[in-house]
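> Top line first, the protein sequences correspond to chains A and B. Residue numbers for the first sequence follow our numbering, beginning at 1 and rising by one. Residue numbers for the second sequence follow our numbering, beginning at 1 and rising by one.
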Amino acid sequence: MYGFEAMTFNIHGGYLEAIVRGYRAGLLTAADYNNLCQCETLDDIKMHLSATEYGPYLQNEPSPLHTTTIVEKCTLKLVDEYKHMLCQATEPLSTFLEYITYGHMIDNVVLIVTGTLHERDVQELLEKCHPLGMFDSIATLAVAQNMRELYRLVLVDTPLAPYFSECITSEDLDDMNIEIMRNTLYKAYLEDFYKFCQKLGGATAEIMSDLLAFEADRRAVNITINSIGTELTRDDRRKLYSNFGLLYPYGHEELAVCEDIDQVRGVMEKYPPYQSIFSKLSYGESQMLDKAFYEEEVKRLCLAFEQQFHYGVFFAYMRLREQEIRNLMWISECVAQNQKSRVHDSVVFIF
Amino acid sequence: MMEDQEEKGNAENGIGRQKQVKDEYLLQFLDSLDGYLTLLDSLSSTLSQGWLELASARHAMGASRINGALLDLKVHAAATSLKVSEQDVDSMESQPCFTLCKWASSDNGERSSGEEKSLSPQLRHRNNSQLSGIISSPVSFSHFFNFFLSCEEEKVSTRTGTPLILVDQQQRQKSLSVFGVLVSPKLRSAQLSFERALETLVEIANLHTTMLSMFEQVHKELENTNG
Numbered sequence: 001m002y003g004f005e006a007m008t009f010n011i012h013g014g015y016l017e018a019i020v021r022g023y024r025a026g027l028l029t030a031a032d033y034n035n036l037c038q039c040e041t042l043d044d045i046k047m048h049l050s051a052t053e054y055g056p057y058l059q060n061e062p063s064p065l066h067t068t069t070i071v072e073k074c075t076l077k078l079v080d081e082y083k084h085m086l087c088q089a090t091e092p093l094s095t096f097l098e099y100i101t102y103g104h105m106i107d108n109v110v111l112i113v114t115g116t117l118h119e120r121d122v123q124e125l126l127e128k129c130h131p132l133g134m135f136d137s138i139a140t141l142a143v144a145q146n147m148r149e150l151y152r153l154v155l156v157d158t159p160l161a162p163y164f165s166e167c168i169t170s171e172d173l174d175d176m177n178i179e180i181m182r183n184t185l186y187k188a189y190l191e192d193f194y195k196f197c198q199k200l201g202g203a204t205a206e207i208m209s210d211l212l213a214f215e216a217d218r219r220a221v222n223i224t225i226n227s228i229g230t231e232l233t234r235d236d237r238r239k240l241y242s243n244f245g246l247l248y249p250y251g252h253e254e255l256a257v258c259e260d261i262d263q264v265r266g267v268m269e270k271y272p273p274y275q276s277i278f279s280k281l282s283y284g285e286s287q288m289l290d291k292a293f294y295e296e297e298v299k300r301l302c303l304a305f306e307q308q309f310h311y312g313v314f315f316a317y318m319r320l321r322e323q324e325i326r327n328l329m330w331i332s333e334c335v336a337q338n339q340k341s342r343v344h345d346s347v348v349f350i351f
Numbered sequence: 001m002m003e004d005q006e007e008k009g010n011a012e013n014g015i016g017r018q019k020q021v022k023d024e025y026l027l028q029f030l031d032s033l034d035g036y037l038t039l040l041d042s043l044s045s046t047l048s049q050g051w052l053e054l055a056s057a058r059h060a061m062g063a064s065r066i067n068g069a070l071l072d073l074k075v076h077a078a079a080t081s082l083k084v085s086e087q088d089v090d091s092m093e094s095q096p097c098f099t100l101c102k103w104a105s106s107d108n109g110e111r112s113s114g115e116e117k118s119l120s121p122q123l124r125h126r127n128n129s130q131l132s133g134i135i136s137s138p139v140s141f142s143h144f145f146n147f148f149l150s151c152e153e154e155k156v157s158t159r160t161g162t163p164l165i166l167v168d169q170q171q172r173q174k175s176l177s178v179f180g181v182l183v184s185p186k187l188r189s190a191q192l193s194f195e196r197a198l199e200t201l202v203e204i205a206n207l208h209t210t211m212l213s214m215f216e217q218v219h220k221e222l223e224n225t226n227g
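(1) Compare the C-beta of L185 of chain A with all C-beta atoms of chain B and state if any pair is closer than 9 Å.
(2) Could you check if A25 of chain A is buried or exposed, using at least 16 other CB atoms within 10 Å of its CB as the buried criterion?
(3) As a quick exercise: from B:N10, B:K186, B:S184, B:L27, pick the residue whose alpha carbon is nearest that of S217 of chain B.
(4) Count the C-beta pairs between the segment 60 to 77 of chain A and the segment 35 to 42 of chain A that are closer than 8 Å, then say yes if the count reaches three, no if not.
(5) Chain A partners of P185 of chain B, CB-CB under 7 Å?
(6) Closer than 9 Å by beta-carbon distance: list the chain B residues that pair up with H130 of chain A, in chain order.
(7) In its own chain, which residues sit with a C-beta less than 7 Å from the C-beta of F29 of chain B, not counting the 5 before and 5 after it?
(8) Measuring CB atoms only, is the segment 1 to 16 of chain B touching the segment 313 to 322 of chain A, in the sense that at least three cross pairs come out at less than 8 Å?
(9) Taking 7 Å as the limit between beta carbons, can you name the residues of its chain near R196 of chain B, skipping five residues before and five after?
(10) Mind checking which residues open and close the alpha helix (DSSP H) that includes D210 of chain A?
(11) So is T230 of chain A in contact with chain B if we call contact Cβ pairs under 9 Å?
(12) Among the residues of its own chain, which have a CB less than 7 Å from the CB of A89 of chain A, if the five just before and after it don't count?
(13) Evaluate contact between the segment 181 to 199 of chain A and the segment 292 to 301 of chain A, counting only Cβ atoms and requiring at least three cross-stretch pairs below 8 Å.
(14) If we count Cβ pairs, one from each stretch, closer than 8 Å, do we get three or more for the segment 138 to 155 of chain A versus the segment 112 to 130 of chain A?
(15) Can you tell me whether M7 of chain A is buried or exposed? The criterion is at least 16 other CB atoms within 10 Å of its CB, across all chains shown.
(16) Note down the Cα distance separating V79 of chain A from E53 of chain A, rounded to an integer number of angstroms.
(17) Examine chain A for any beta-carbon lying closer than 9 Å to the beta-carbon of R58 of chain B, and answer yes or no.
(18) Kindly indicate which three-state DSSP category P96 of chain B falls into: helix, strand or coil?
(19) Can you pull the chain B residues whose beta carbon is under 8 Å from the beta carbon of Q307 of chain A, in chain order?
(20) Would you report the Cα separation of P159 of chain A and Y102 of chain A, rounded to the nearest angstrom?
(21) Are the beta-carbon atoms of G35 of chain B and L207 of chain B separated by less than 9 Å?
(22) Under 8 Å Cβ-Cβ, which residues of chain B neighbour N108 of chain A?
(23) With DSSP run on the structure shown, which of helix, strand or coil describes E86 of chain B?
(24) Please identify, using Cβ separations under 9 Å, the residues of the segment 10 to 29 of chain B that lie next to chain A, in order along the chain.
(25) Return the chain-ordered list of same chain residues with a C-beta closer than 6 Å to the C-beta of H12 of chain A, the five sequence neighbours on each side being excluded.
(26) Along the chain, where does the alpha helix (DSSP H) that runs through H66 of chain A open and close?
(27) Work out the CA separation of D31 of chain B and E223 of chain B for me, nearest whole Å.
(28) Compute the Euclidean distance between the alpha carbons of M61 of chain B and I106 of chain A, then round it to the nearest angstrom.
(29) For the structure I just gave you, are there three or more beta carbon pairs, one from the segment 69 to 78 of chain A and one from the segment 146 to 154 of chain A, closer than 8 Å?
(30) Check the Cβ of E61 of chain A against every Cβ in chain B and list those closer than 8 Å, keeping chain order.
(31) What residue does the alpha helix (DSSP H) around D262 of chain A start on, and which one ends it?
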């Protein structure tokens with residue numbers, strides 16, 4: 001039974017919870033977004049961001065700015081904040097914080113392996129990796145020819161090692177195998193994170209269960225929609241869905257056989273929390289689905305801050321910052337491409 | 001006197017016919033110019049749409065999944081090629097005619113080795129600096145044009161009975177597979193937009209040669225009139 005966390009949480013987690021709540025206060029507001037959406041050039045965006053916490057990270061960037069530069073510098077701020085929290089954290093919070101970055105680690109592994117398959121330079125690939133997902137031996141990934149070697153040479157000493165048990169084959173790495181590897185790893189990671197949070201118990205278990213279940217369900221929908229019309233079989237599709245979440249197991253059975261977006265809608269509308277998401281879309285349309293999911297996610301992440309003495313606030317803060325960086329990326333692209341009328345297509349306001 | 005009148009009448013008819021031919025050339029020139037400007041406008045909006053859809057796909061899938069560092073540098077022939085042939089306008093001159101052969105369709109399923117050689121050295125000479133800028137900037141369309149031309153060639157033929165539309169779909173998926181097999185529908189929309197832009201470019205090129213040819217004709221007629 002939780003409720004006694006109030007007595008002991010602050011001993012080890014109080015300082016960092018205060019820190020993360022302070023960080024949360026620095027998130028961009030609706031007024032900031034309104035100013036940014038009215039910018040004519042990327043230099044205007046830089047000027048407006050100089051008055052925010054991103055100011056010190058962008059001030060030394062020369063003109064002309066590029067959209068990737070803005071995203072890179074804003075990400076650096078997130079990385080600095082994360083590292084500050086990680087170095088101050090004790091167990092089990094430190095393990096919880098590390099779990100948050102495993103998704104980026106998986107993305108980096110797949111980026112290096114795919115780029116190597118396409119005969120790209122390793123240094124160039126390393127520059128594109130997400131800083132939160134870096135680990136020491138990541139460059140050695142370029143040497144592996146198949147998944148067995150990938151595991152044996154590099155990943156056995158990383159936190160991703162336990163997730164590889166379902167992926168290890170001697171098959172050569174090709175685009176399909178890499179995609180299946182990506183999704184299988186992510187599925188194993190989410191399930192492991194879920195079990196870890198359940199073990200922590202209390203408010204952390206309750207809040208994180210909801211957030212991770214939503215993530216698993218959203219993944220299932222995205223895998224379904226993205227695999228429509230591809231060579232991925234129904235069985236393979238089903239194997240990529242996580243073994244938890246609101247859609248597990250009956251929703252997954254129905255999603256596995258969907259052949260178009262309207263069938264996906266038919267499945268999802270049976271679940272009340274997702275009915276509101278799909279009601280925003282017109283029939284046959286999937287363009288606004290991402291935004292609808294992001295909006296629902298932001299709502300749930302903001303609710304995590306309404307309760308104290310749990311680790312969910314750290315996860316929520318990291319995800320809200322990532323959403324903010326996505327917003328800045330979209331606004332920058334619309335400004336750079338002179339398409340300001342489309343800026344509200346994908347910006348999700350956090351406050 | 002009758003003969004003089006007849007000659008005068010013939011001369012007037014000749015002048016009238018000449019004027020008609022001149023007007024015809026002028027109208028054709030103006031028509032082609034109008035079509036050219038319309039297509040330029042259409043190209044501009046199709047490209048804008050394509051770039052925005054690409055940014056949207058990047059927003060949905062993440063920058064690590066859609067970036068220039070994933071493009072394939074392995075040597076391979078293009079699945080889409082441009083054929084230039086000479087078309088006879090009249091007995092005196094010919095003008096180039098551009099034809100787009102998309103996604104290794106049955107028309108060019110058995111491409112000659114000479115054609116392949118002419119295509120692949122150009123692909124081999126692409127360098128990293130060109131490619132890295134492709135996804136992150138809408139500036140160099142010609143580089144992104146190369147990306148959609150560069151795809152591993154498959155000897156697909158309608159002799160197998162596979163409908164061409166499915167062949168095209170398979171080739172499109174293959175082209176996008178550099179970004180992964182499970183890609184967002186937004187990325188597929190971006191691909192279709194750039195494909196449409198490519199078709200429009202070829203139409204513009206053809207209309208451009210027609211326009212220049214008409215302009216030459218009009219110019220010639222004016223010179224004949226003044227001479």
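All C-beta atoms in this analysis are idealised placements derived from N, C-alpha and C, irrespective of residue type, glycine included. Values in this document were obtained by computation on a predicted structure and should not be read as measured data.
Considering the structure as presented:
(1) no
(2) The residue is exposed, with fewer than 16 neighbouring Cβ atoms inside 10 Å.
(3) The sequence given here places Gln at residue 217 of chain B; Ser does not occur at that position. Checking every option, the nearest Cα to that of Q217 of chain B belongs to B:L27.
(4) yes
(5) Under the 7 Å cutoff, chain A gives I225, S286.
(6) Neighbours of H130 of chain A on chain B, chain order: G62, A63, S64.
(7) The answer, listed in chain order, is M211, M214, F215, V218.
(8) no
(9) Closer than 7 Å at the Cβ level, and outside the excluded window around R196 of chain B, lie T46.
(10) 202 to 227
(11) yes
(12) L16, L97
(13) As far as the Cβ criterion goes, the segment 181 to 199 of chain A does not touch the segment 292 to 301 of chain A, which means the pair count is below three.
(14) yes
(15) exposed
(16) The straight-line gap from Cα to Cα measures roughly 13 Å.
(17) yes
(18) strand
(19) Within 8 Å Cβ-Cβ: nothing; Q307 of chain A doesn't reach chain B, min ~29 Å.
(20) Their backbone Cα atoms lie some 8 Å apart in a straight line.
(21) yes
(22) S64
(23) Reduced to three states, the DSSP call for E86 of chain B is strand.
(24) none
(25) T90
(26) From DSSP, H66 of chain A is part of no alpha helix (DSSP H); its letter is neither H nor E.
(27) 21 Å
(28) 14 Å
(29) no
(30) Within chain B, no residue comes near E61 of chain A; the closest Cβ sits about 15 Å away, beyond 8 Å.
(31) 261 to 268
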